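**Q**
Residue numbers (our numbering), protein chains in the order written: chain A, 1 to 115; chain B, 1001 to 1110.
The following block contains the structure:
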């Protein structure tokens, strides 16, 4: 199989604080990981693509200084939401792709609530 | 620009009532078409990858087919546990990103 985990599954924080979300590929190496955001009743919106050892590529309209992405190893990528505000509240989902393959495997998601 | 349209938006079936979900796509060149299942509050669960027209894949009560313009997800004799949102996504030959459709919300009543 291809298992991707995320931690935490749910987080509540105060406005102005930063939150880090981890995404791990548990049984395969992933040179490329992706971060998505999903609003209620909507499909997934790609935020950024991260490649191990290099800077992430952000989609148009996504603030790279607000959503910091680090992909320091072949099994771990992190998304840090800096100075979070209520409008950042959402469901954040990561995915990972095996080297040389096309299929993305998704994590279980992280529900962020900013008060 | 890649486009993916799924229909219907929502589908209600009785247990055992077979049906099909549609995914129409427009890409300059298809590298792969993907089907996922998503339960409320969870990440998408991978179902199938299709690469070329004429390809078919099956898993339990699900069968996915692909033509040059669309893909179908056939559900045979569905059960209530098949209730979920089914997402279709495409990847074109020149990129790494997935373009998702809006999904079909399937409800199977006992």
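Each residue gets a CB set at the ideal place from its N, CA and C atoms; glycine is no exception.
Because the structure is a prediction, the values reported are computed rather than measured.
Give the DSSP bridge partners of residue 1032 of chain B, in chain order.
**A** Residue pairing by DSSP places residue 1032 of chain B opposite B:1091 in a beta bridge.
**Q** If we count the other Cβ atoms within 10 Å of its Cβ and call it buried at 16 or more, is residue 1058 of chain B buried or exposed?
**A** exposed
**Q** Anything in the region 1009–1029 of chain B with a Cβ closer than 8 angstroms to a Cβ of chain A? List those residues in chain order, please.
**A** none
**Q** From residue 104 of chain A to residue 1020 of chain B, what does the alpha carbon distance come to, in whole angstroms?
**A** 24 angstroms
**Q** I'd like to know if the region 1066–1079 of chain B and the region 76–88 of chain A are in contact, where contact means that at least 3 CB-CB pairs between them fall below 8 angstroms.
**A** no
**Q** Short of 7 angstroms in beta carbon distance, which residues of its chain neighbour residue 63 of chain A, apart from the five on each side in sequence? Order them along the chain.
**A** none
**Q** Does residue 991 of chain B pass the burial test, meaning 16 or more other C-beta atoms within 10 Å, or should it be called exposed?
**A** With chain B represented from 1001 up to 1110, any question about residue 991 of chain B goes unanswered, as that position is not in the structure.
**Q** Determine whether the beta carbon atoms of residue 1027 of chain B and residue 1101 of chain B lie at a separation below 8 angstroms.
**A** No, these two residues do not count as a Cβ contact at 8 angstroms.
**Q** Starting from the C-beta of residue 1085 of chain B, find all residues in its chain whose C-beta is less than 6 angstroms away, skip the five residues before and the five after it, and write them out in chain order.
**A** So the list reads 1038, 1103, 1105, once near-sequence residues are dropped.
**Q** For the region 1097–1109 of chain B, which residues have a CB atom closer than 7 angstroms to at least one CB atom of chain A, in sequence order?
**A** 1097, 1098, 1100, 1101, 1102, 1103
**Q** So, is the C-beta of residue 79 of chain A closer than 8 angstroms to a C-beta in chain B?
**A** no
**Q** For a test of the three-state rule: what should DSSP assign to residue 1055 of chain B, helix, strand or coil?
**A** coil
**Q** Alpha carbon to alpha carbon, how far is residue 1061 of chain B from residue 57 of chain A? Give it in angstroms, no decimals.
**A** 38 angstroms
**Q** Please return the same chain residues whose Cβ sits closer than 6 angstroms to the Cβ of residue 50 of chain A, not counting the five positions on each side in sequence.
**A** Setting aside the 5 residues that flank it on each side, residue 50 of chain A is surrounded in the same chain by 33, 56, 69, 71, 77, each with a C-beta closer than 6 angstroms to its C-beta; the list follows chain order.
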